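**Q** Got a structure for you, written out below as structure tokens; questions coming shortly.
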């Protein structure tokens, strides 16, 4: 059950791209301070955030890095009947130049507008290093999950190459994925990222994670999955989740 709960919790973290970050208030000691932050997952599967140096939550984290991020399923009619995750973590500001460059490359693909204010307005990348997680999958489905994160084997050059190739040469395939998944068609979708378990499409400012039928561990397996989806008439059920 813990393996199943971890998978469901991780998929929720992948599906959503914003959460409520709770920090220890510096100006009001003893009180939690909540703020909304967008995020994507880094190469180790940890939430990566970009926050302003003058923001209250940044001052709070500088004093005490212990924090949590609440992520819930978007547009739920009954928030108590759907999945939500409390991600307990210690926040760490990225200082290494190579790590910052890698974070920027990935984050900009998910949130292109962030590139305009990152350096101009004194924003920094922080990573939420996991401690423990509380996942609720609906009524009665409550779990503590210790091992949630999953490293992305494609992070870096492999992922960049696959994403750029799909966006430049396979727009029709991406449009077909949008049709299969019933996603909005307000503007053409762009692929933002690929991980072992699925892919992210960006439509305007919104992000959507779509699962592969089975985990992909090599670029060849990803290619086979994408080709199969390009010819599919319905989105295939996830073999692992539905087993």
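In full-length UniProt numbering, the protein residues as written are 1 to 243. Where a beta carbon is used, it is the ideal one built from N, C-alpha and C, also for glycine. If you're wondering where the values come from, they're calculated on a predicted model, not measured in any experiment.
For residue 77, tell me which candidate among 151, 221, 138 and 218 has the shortest Cα-Cα distance.
**A** To locate residue 77, count along the chain shown from 1; it is residue 77. That would be 138, whose Cα lies nearest to the Cα of residue 77.
**Q** Rounded C-beta distance between residue 180 and residue 189? I'm assuming under 8 Å.
**A** Taking the first residue of the chain shown as 1, we reach residue 180 at position 180. Taking the first residue of the chain shown as 1, we reach residue 189 at position 189. Actually they do not touch by this definition, with Cβ atoms about 12 Å apart.
**Q** What residues match up with residue 174 in a beta bridge as DSSP calls it?
**A** Taking the chain shown and counting its residues from 1, the one referred to as residue 174 is at position 174. None, per the DSSP bridge assignment.
**Q** Hey, could you find the ends of the beta strand (DSSP E) residue 244 is sitting in?
**A** This structure gives no information on residue 244, because the portion of the chain shown stretches from 1 to 243.
**Q** Where does the unbroken beta strand (DSSP E) through residue 223 begin, and where does it stop?
**A** If you number the chain shown from 1, residue 223 lands on position 223. Looking at the DSSP string, residue 223 is not in any beta strand (DSSP E); the run it does join, the alpha helix (DSSP H), is 219-230.
**Q** Are residue 124 and residue 205 touching if we call contact CB-CB under 9 Å?
**A** Locating residue 124 in the chain shown gives position 124, counting from the first residue. Locating residue 205 in the chain shown gives position 205, counting from the first residue. No. Outside cutoff.
**Q** Can you tell which of 55, 111, 223 and 64 has the C-alpha that lies nearest to the C-alpha of residue 29?
**A** Residue 29 sits at position 29 when you count from the first residue of the chain shown. Nearest of 55, 111, 223 and 64 to residue 29, Cα basis: 64.
**Q** Alpha carbon to alpha carbon, how far is residue 185 from residue 207?
**A** Start at 1 with the first residue of the chain shown, and residue 185 comes out as number 185. Start at 1 with the first residue of the chain shown, and residue 207 comes out as number 207. So the two alpha carbons sit approximately 13 Å from each other.
**Q** Return the first residue and the last residue of the beta strand (DSSP E) that residue 79 is part of.
**A** Residue 79 sits at position 79 when you count from the first residue of the chain shown. That residue, residue 79, is in no beta strand (DSSP E); it is neither H nor E in DSSP.
**Q** What residue from 211, 150 and 50 has the CA that sits closest to residue 19's CA?
**A** Position 19 of the chain shown, counting from 1, holds the residue named residue 19. Comparing Cα-Cα distances from residue 19 to each of 211, 150 and 50, the minimum goes to 50.
**Q** With 16 as the cutoff for other CB atoms within 10 Å, does residue 156 come out buried or exposed?
**A** By 1-based counting over the chain shown, the position of residue 156 is 156. Residue 156 is exposed by the Cβ-count criterion.
**Q** One question on the structure: do residue 198 and residue 135 come within less than 9 Å of each other, judged by their Cβ atoms?
**A** Counting from 1 along the chain shown, the entry for residue 198 is found at position 198. Counting from 1 along the chain shown, the entry for residue 135 is found at position 135. No.
**Q** Taking buried to mean at least 16 other C-beta atoms within 10 Å of its own C-beta, is residue 142 buried or exposed?
**A** As a first step, residue 142 must be located in the chain shown, where it is residue number 142. Flag for residue 142 reads exposed.
**Q** Taking the straight line between their C-alpha atoms, what separation do you get for residue 6 and residue 86?
**A** For the purposes of this step, residue 6 is taken as the residue at position 6 of the chain shown. For the purposes of this step, residue 86 is taken as the residue at position 86 of the chain shown. About 12 Å.
**Q** Have a look at 236, 154 and 211 and flag the residue whose alpha-carbon is nearest the alpha-carbon of residue 102.
**A** Numbered from its first residue, the chain shown carries residue 102 at position 102. Measuring from the Cα of residue 102, the nearest candidate turns out to be 154.
**Q** Within 10 Å of its beta-carbon, does residue 225 have 16 or more other beta-carbons around it, so buried, or fewer, so exposed?
**A** For the purposes of this step, residue 225 is identified with residue 225 of the chain shown, where counting begins at 1. Label assigned to residue 225: buried.
**Q** Pick from 70, 121, 146 and 128: whose alpha carbon is nearest that of residue 42?
**A** Within the chain shown, the letter at position 42 stands for residue 42. Minimum Cα distance to residue 42 is reached at 128.
**Q** Just confirm the distance between the C-beta atoms of residue 110 and residue 216, as a whole number of angstroms; I'd bet it's less than 8 Å.
**A** Within the chain shown, numbered from 1, the residue matching residue 110 stands at position 110. Within the chain shown, numbered from 1, the residue matching residue 216 stands at position 216. Wrong, their Cβ atoms sit about 20 Å apart, outside the cutoff.
**Q** Decide if residue 212 is buried, meaning its Cβ has at least 16 other Cβ atoms within 10 Å, or exposed.
**A** Here residue 212 refers to the residue found at position 212 of the chain shown. Buried.
**Q** Let me know if residue 195 comes out buried or exposed under the rule of 16 or more other beta-carbons within 10 Å of its beta-carbon.
**A** Counted from its first residue, the chain shown places residue 195 at position 195. Classification for residue 195: buried.
**Q** Would residue 69 pass as a contact of residue 89 if the rule is Cβ separation under 9 Å?
**A** Taking the chain shown and counting its residues from 1, the one referred to as residue 69 is at position 69. Taking the chain shown and counting its residues from 1, the one referred to as residue 89 is at position 89. Going by C-beta atoms, residue 69 is nearer than 9 Å to residue 89.
**Q** Using CA atoms only, rank isn't needed, just tell me which of 12, 3, 237 and 160 is closest to residue 46.
**A** Against the chain shown, residue 46 aligns to sequence position 46. With distances taken between Cα atoms, residue 46 lies closest to 12.
**Q** Would you mind giving the Cβ-Cβ distance between residue 174 and residue 201, rounded to the nearest angstrom? I have them listed as a contact below 8 Å.
**A** As a working note, residue 174 is residue 174 in the chain shown. As a working note, residue 201 is residue 201 in the chain shown. That pair is a contact at about 7 Å.
**Q** Is the beta carbon of residue 61 sitting closer than 9 Å to the one on residue 126?
**A** For the purposes of this step, residue 61 is taken as the residue at position 61 of the chain shown. For the purposes of this step, residue 126 is taken as the residue at position 126 of the chain shown. For residue 61 and residue 126, yes; Cβs fall inside 9 Å.
**Q** So the candidates are 14, 15 and 34; which of them puts its Cα closest to the Cα of residue 23?
**A** As a working mapping, residue 23 is identified with position 23 in the chain shown. With distances taken between Cα atoms, residue 23 lies closest to 34.
**Q** Cβ of residue 133 within 8 Å of any heavy atom in the ligand NAD?
**A** The model on display carries no ligand, and the ligand NAD is accordingly not part of it.
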